[in-house]
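Presented below is the structure to which this report refers.
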Amino acid sequence: MGQESARILLAWCATGTAVLLLGCGEPDPDAARSLRSILGSADGTAAGFARADRIREFVFPRDHGPHPSYRSEWWYLTAVVSTAGSETREFGVQFTLFRQGLEARGGETPVPDGGPEAWRTGQGYMAHIALSDITARRHMAAERFSRGHPALAGARADPFRVHLDDWQLASTGEAFSPLRLTVNSADFSADLLLTARRPAILQGDRGLSRKGPGNASYYYSVPRLEAQGELVVGGSSHAVSGLAWIDREWSTGVLGDAYQGWDWFALHLDDGRDLMLYQLRRIDGQTDAYNAGSLGDGEVSRTLTAGDFSLMPIQHWRGWPVAWNLVIRGGEAQQYVIRAAIKDQVMDTAVRYWEGAVHLEDDEGRRAGAGYMELTGY
Numbered sequence: 139m140g141q142e143s144a145r146i147l148l149a150w151c152a153t154g155t156a157v158l159l160l161g162c163g164e165p166d167p168d169a170a171r172s173l174r175s176i177l178g179s180a181d182g183t184a185a186g187f188a189r190a191d192r193i194r195e196f197v198f199p200r201d202h203g204p205h206p207s208y209r210s211e212w213w214y215l216t217a218v219v220s221t222a223g224s225e226t227r228e229f230g231v232q233f234t235l236f237r238q239g240l241e242a243r244g245g246e247t248p249v250p251d252g253g254p255e256a257w258r259t260g261q262g263y264m265a266h267i268a269l270s271d272i273t274a275r276r277h278m279a280a281e282r283f284s285r286g287h288p289a290l291a292g293a294r295a296d297p298f299r300v301h302l303d304d305w306q307l308a309s310t311g312e313a314f315s316p317l318r319l320t321v322n323s324a325d326f327s328a329d330l331l332l333t334a335r336r337p338a339i340l341q342g343d344r345g346l347s348r349k350g351p352g353n354a355s356y357y358y359s360v361p362r363l364e365a366q367g368e369l370v371v372g373g374s375s376h377a378v379s380g381l382a383w384i385d386r387e388w389s390t391g392v393l394g395d396a397y398q399g400w401d402w403f404a405l406h407l408d409d410g411r412d413l414m415l416y417q418l419r420r421i422d423g424q425t426d427a428y429n430a431g432s433l434g435d436g437e438v439s440r441t442l443t444a445g446d447f448s449l450m451p452i453q454h455w456r457g458w459p460v461a462w463n464l465v466i467r468g469g470e471a472q473q474y475v476i477r478a479a480i481k482d483q484v485m486d487t488a489v490r491y492w493e494g495a496v497h498l499e500d501d502e503g504r505r506a507g508a509g510y511m512e513l514t515g516y
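Here's what the structure looks like:
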């Protein structure tokens, strides 16, 4: 490893990873304060990066690509898929590419494909992949790091492609959808074709998602994609199909001192609706006013605010809340239980967090959907 590569990866580990996961792995207040002192002010203006601080117009396909004027960004895909036949086998699949700006870059000028300038992107990248073999009750994960370079890691809008080495999520043609995910590790590989069945939805206030006073991100989701393809686990190949979800966020801020982490959920309900929720966990234990979500069916989408839902943990595993009571208010109250498909879906990566497949149950214990849950800061 060259000295410059080592410097970038060191900077990434010291700053980018913890910022991108909004405090995960930092439950110790002293450690969190130390991290913030490294990063500078919570709004990031001292570093020269742009801030998510106002309503903006989202333009596609441009906004599927990178936003290097902001410090942090991620492309996040999750899917719950299963085999056909009498002995159904269910899996969860995750792919996330994180981009971290190591220096402020104005505008969004494309990176040259070659020459010395191709190395001067000012970006670091980290990718996580994971497979939850729900039937076998096994969770597997891998991660990679790279400096930004078209041959190593990066993102582009048109045609869409994000990648780190040969892990990639990319459009198969000129249009954004269909997409193809190809990832591999020593334990598993995934090759999935993903076709969007609903348009992107803007989360929060027209895409401005507030994460506390003075802190926000730009956030949209592609909430429902049909997934089909092949998984290889332990040398055995499985033809699978199911539903996937893509989340996109970019920002410069970090969680404020009042917070220790968050709980996030993206769920496909069996009645055809798509549900996203997150709650910011305050150190004082109070319900936070910035908790938010969305609930829609492709035709009508309802923005959820803190008063529209409640989440209460009802089961823990080694300190992680792996089952929750969920109540959605407004009209006739809806009550569900969100339950981890496997209790141990901990990502033992550079930053430790819980990320995995969950099942949704109605108030009579019947399965009502499936999706993904992320837990940080425990």
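Here the sequence shown is numbered in the working numbering, starting from 139 and rising by one per residue. Every residue gets a Cβ at the ideal spot worked out from N, C-alpha and C, and that includes glycine.
- For Asp296, the closest C-alpha among the options Ala289, Asp303, Leu307, Leu290 is that of Leu307.
- Separation of Arg294 and Pro206 (C-alpha to C-alpha, rounded to the nearest whole angstrom) is 11 Å.
- For Glu312, there is no enclosing beta strand (DSSP E), as DSSP marks it with neither H nor E.
- Per DSSP, the beta-bridge partners of Tyr358 are Leu340, Arg386.
- One thing to note: Ser389 has its Cβ within 8 Å of the Cβ of Ser355.
- The closest CA to that of Arg467, considering only Ser448, Gly457, Trp455, is found on Ser448.
- Using a Cβ distance threshold of 8 Å, Leu369 and Leu381 do not count as a contacting pair.
- When DSSP assignments are scanned along the stretch 403 to 435, the uninterrupted stretches of beta strand (DSSP E) that are 3 or more residues long and fall wholly within it turn out to be 412 to 420, 430 to 434.
- If you draw a straight line from the Cα of Ser379 to the Cα of Thr320, it is about 15 Å long.
- In this structure, the CA atom of Ser323 is about 12 Å from the CA atom of Gly373.
- Within a 10 Å sphere around the beta-carbon of Gln398 sit 16 or more other beta-carbons, which makes this residue buried.
- If only uninterrupted beta strand (DSSP E) runs of at least 3 residues are considered, those enclosed by the stretch 267 to 338 are 276 to 285, 291 to 295, 298 to 302, 305 to 309, 317 to 322, 326 to 334.
- According to the DSSP secondary-structure assignment, Phe229 is paired through a beta bridge with Val219, Asp271.
- Approximately 14 Å separates the beta-carbon atoms of Trp458 and Trp402; this is outside 8 Å, ruling out the contact.
- Between the alpha carbons of Gln473 and Asp500 lies a distance of about 7 Å.
- Annotated three-state conformation of Gly345 is coil, per DSSP.
- Of the other Cβ atoms in all chains shown, fewer than 16 fall within 10 Å of the Cβ of Gly423; this residue is therefore exposed.
- Between Ile452 and the set Ile476, Ser309, Gly367, the nearest pair of CA atoms involves Ile476.
- Straight through space, the alpha carbons of Gln261 and Gly286 are spaced by roughly 5 Å.
- Between Leu405 and Leu498, the C-beta gap is smaller than 8 Å, which places the two residues in contact.
- For Arg200, the secondary structure class from DSSP, reduced to helix, strand or coil, is helix.
- If you draw a 10 Å sphere on the C-beta of Val438, you find fewer than 16 other C-beta atoms in it, and that means exposed.
- The residue from Arg411, Asn353, Val371 with its alpha-carbon nearest to that of Val392 is Asn353.
- In this structure, Asp343 places its C-beta atom within 8 Å of the C-beta atom of Ile193.
- Its Cα nearest to that of Thr333, the residue Pro316 stands out among Ala274, Pro316, Ser327, Gly345.
- Residue range 447 to 455 is occupied by the beta strand (DSSP E) that includes Ser448.
- In this structure, Tyr208 sits away from Gly253, with a CB-CB distance that is not shorter than 8 Å.
- Here DSSP, grouped into helix, strand and coil, assigns Glu255 to helix.
- In the DSSP assignment, Thr441 falls within the unbroken beta strand (DSSP E) covering 439 to 442.
- DSSP, read as helix, strand or coil, puts Glu470 in coil.
- When DSSP reads this structure, Phe236 sits in a beta bridge with Trp212, Met264.
- Taking all protein chains shown into account, Asp271 has 16 or more neighbouring C-beta atoms within 10 Å of its C-beta and is therefore buried.
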